[in-house]
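Engineer: Got a structure for you, questions after.
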């Protein structure tokens, strides 16, 4: 009975997050316009230039088009934006006093945080799925199998990134500050995740370093989002730049690690 | 719902024993001890910064005391905070509603996180909405409500999980006189309907008069506790107002009582000693057109104990509180 009551409490917190997101039109507009911008405009625009050609000489054959290449990365981008942005509600609760209403309730803090992050995860997952709708326009065939595996990874990724957003929100005092900070974190992470420009998968590391400066290669290989993008490429394009086991492990580690940090901070405050 | 944690009627429902709290070098509460009997309306009165809100926050277990123990409904607020919280309702000083949800959604959220059983939820929500006269606003977004209505909704929310102890931290601050009176009407109505222990902090002395017990607190210490009548009898000052019939009498009274103040035609003086009034009447009784004896007010009690006007201290104090809150202080937690 006790456990059921707590579960209902988590449901209430989750439901509130989802309801607030649904009523916030701006967030939905962002969730739809972002993939359209990246896939339809940037993707289609750059598609013809994406060849294994350097200085007029074809060095290697790329097994997919630029549109296909960028597609999994846009899923990650949309999830990343929405997840981190959902942490705004943490600031909102704090500034407008609602947090106290939850803190004096008989809900344990761990479940309060869990419900909140689960709510953000749901919204982010939904925005990730909005990108999947574009799959047929970019010649990515989605089977039941790849859809399920993809969704599993997307849930874990959204969970980890929402936790990450909460960690950021704990350090930010104002809404305005959060917007700037979120962009300053999201965009560099996204650009250096082998998402928009290829650290070409068919190249060895030595070959990559011929084309790109070494620091960039290092940054990309240190960025955990690189492996998240790679995991989704593995699922949707059946192509992995790295060992196929690395991506899911990194995503899982982010989910567990960021949640643990967020929980530790929330309990302490 | 069964009130398993509620002690027998004679035992106090809230017990505070030598609670101490520091903020850095500032001593917010200095070994405060008090107890509240069941079904009492208990008022905490004090200027801002006196430690009222700190005490409230410790009692609802969102703030840890540095020393001492506190029990609410028989549960230690430090060791069994979740059990203690389930039995109490809280109305914070600053609003704590989600104004993007509707009135009903706010209450339903509260019921769910307080583990109110599903079959009772609808009935209770309807009941409290009816009590605070918000039934017609059930499906409105909270942000469309006036501040008085929001306050009423917060009171309804503090009751909806069948709490028998309700803390109200400045429930009427920032409201117009009408809304303030209405809120007290609801609280009185509630106490008729169910067993309810109220702990209220307020700046408005006239609101305290209706409480069973008053505790005056300043600089983190309890100055006095008692019923309003006791406090007035012990610390209050009776005053005598007379209007002399002619200027000669006025001059004579002033000569006999040099401490008397004159306001227009009226002379106001403090009643000193038991037979003061008798002696005054024997001497001047036939020469005054108006004679009134005023009972002591709590305002006077407060003034004589703290040496401060409550209302004036309040205005600047609130500003300080808000500033403190913006810096991420106690009140924002």
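Protein chains in written order, with my numbering: chain A, 45 to 313; chain B, 605 to 937. Even glycine gets a Cβ: it sits at the ideal position worked out from N, Cα and C.
(1) Counting pairs of Cβ atoms below 8 Å between the region 49-69 of chain A and the region 81-94 of chain A, do you hit three or more?
(2) May I ask you to report which of helix, strand or coil DSSP gives residue 619 of chain B?
(3) Does the Cβ of residue 896 of chain B have 16 or more other Cβ atoms within 10 Å, making it buried, or fewer, making it exposed?
(4) Considering residue 675 of chain B, what are the terminal residues of the beta strand (DSSP E) in which it resides?
(5) From the DSSP output, in three-state form, read off residue 721 of chain B for me.
(6) Can you pull the chain E neighbours of residue 142 of chain A, defined as C-beta to C-beta under 8 Å?
(7) I want to know whether the region 107-127 of chain A touches the region 181-201 of chain A - three or more CB-CB distances under 8 Å.
(8) Under three-state DSSP, which class holds residue 637 of chain B?
(9) To test your reading of the DSSP string, which unbroken beta strand (DSSP E) runs of 3 or more residues are found completely within the region 759-814 of chain B?
(10) Locate the alpha helix (DSSP H) running through residue 748 of chain B, then write down its first and last residues.
(11) Please classify residue 231 of chain A as buried or exposed, where buried requires at least 16 neighbouring CB atoms within 10 angstroms.
(12) Name, please, each residue of chain B whose Cβ falls closer than 8 Å to the Cβ of residue 149 of chain A.
(13) Could you say which of A:204, A:150, A:127, A:52 lies nearest to residue 304 of chain A if we only look at CA atoms?
(14) Can you tell me the Cα-Cα spacing of residue 781 of chain B and residue 771 of chain B, whole angstroms?
(15) For residue 666 of chain B, count neighbouring C-beta atoms within 10 Å of its own C-beta (all shown protein chains included) and say buried if the count is 16 or more, exposed if not.
(16) Taking the beta carbon of residue 915 of chain B as the centre, do at least 16 other beta carbons fall within 10 Å, making it buried, or is it exposed?
(17) At a Cβ threshold of 8 Å, is residue 664 of chain B touching chain A?
(18) Could you spell out where the beta strand (DSSP E) holding residue 843 of chain B opens and where it closes?
(19) Given that residue 694 of chain B touches chain A, what residues does it touch there, using C-beta distances under 7 Å?
(20) Measuring CB atoms only, is the region 886-895 of chain B touching the region 784-803 of chain B, in the sense that at least three cross pairs come out at less than 8 Å?
(21) Which whole-angstrom value describes the C-beta separation of residue 705 of chain B and residue 696 of chain B, a residue pair presumed to lie in contact below a C-beta threshold of 8 Å?
(22) Are any of the Cβ atoms in chain B nearer than 8 Å to that of residue 47 of chain A?
(23) Could you check if residue 702 of chain B is buried or exposed, using at least 16 other CB atoms within 10 Å of its CB as the buried criterion?
(24) If we ignore side chains and look at the alpha-carbon of each, how far apart do residue 110 of chain A and residue 183 of chain A end up?
(25) Out of B:652, B:808, B:752, B:693, which one is the CA nearest neighbour of residue 903 of chain B?
(26) Going straight from the alpha carbon of residue 719 of chain B to that of residue 795 of chain B, what length do you get?
(27) Quick check: the region 623-638 of chain B against the region 818-831 of chain B, are there 3 or more CB pairs under 8 Å?
(28) So who's on the other strand from residue 645 of chain B, going by DSSP bridges?
(29) Can you find a C-beta in chain B that's less than 8 Å from the C-beta of residue 53 of chain A?
(30) Would you list, in chain order, the members of the region 60-84 of chain A that have their beta-carbon closer than 9 Å to a beta-carbon of chain B?
(31) List the residues of chain B whose Cβ lies closer than 9 Å to the Cβ of residue 152 of chain A, in chain order.
(32) What are the boundary residues of the alpha helix (DSSP H) that includes residue 319 of chain A?
(33) Helix, strand or coil for residue 872 of chain B? Go by DSSP, reduced to three states.
Structural biologist: To lay it out plainly:
(1) no
(2) strand
(3) exposed
(4) 671-676
(5) coil
(6) The structure shown contains no chain E; the protein chains it does contain are A and B.
(7) yes
(8) DSSP, read as helix, strand or coil, puts residue 637 of chain B in strand.
(9) DSSP runs (the beta strand (DSSP E)) wholly in the region 759-814 of chain B: 769-773, 801-806.
(10) It is not in any alpha helix (DSSP H) - residue 748 of chain B carries neither H nor E in the DSSP assignment.
(11) That one is exposed.
(12) 689, 714, 717, 718
(13) A:204
(14) 21 Å
(15) Classification of residue 666 of chain B: buried, given that the 10 Å Cβ count is 16 or more.
(16) Low confidence applies here, because residue 915 of chain B scores a pLDDT of 48, under 50, leaving its location unreliable; read the following figure in that light. Residue 915 of chain B is exposed by the Cβ-count criterion.
(17) yes
(18) Boundaries of the beta strand (DSSP E) around residue 843 of chain B: 843-848.
(19) What residue 694 of chain B touches in chain A: 148.
(20) no
(21) Incorrect: roughly 17 Å between the Cβ atoms, too far for contact.
(22) no
(23) buried
(24) 11 Å
(25) Here the closest residue by C-alpha is B:808.
(26) Their Cα atoms are separated by approximately 24 Å.
(27) yes
(28) B:802
(29) yes
(30) Listed in sequence order: 60, 63, 64, 67, 68.
(31) 686
(32) The shown model of chain A, from 45 to 313, leaves out residue 319 of chain A, and the question about it has no answer.
(33) strand
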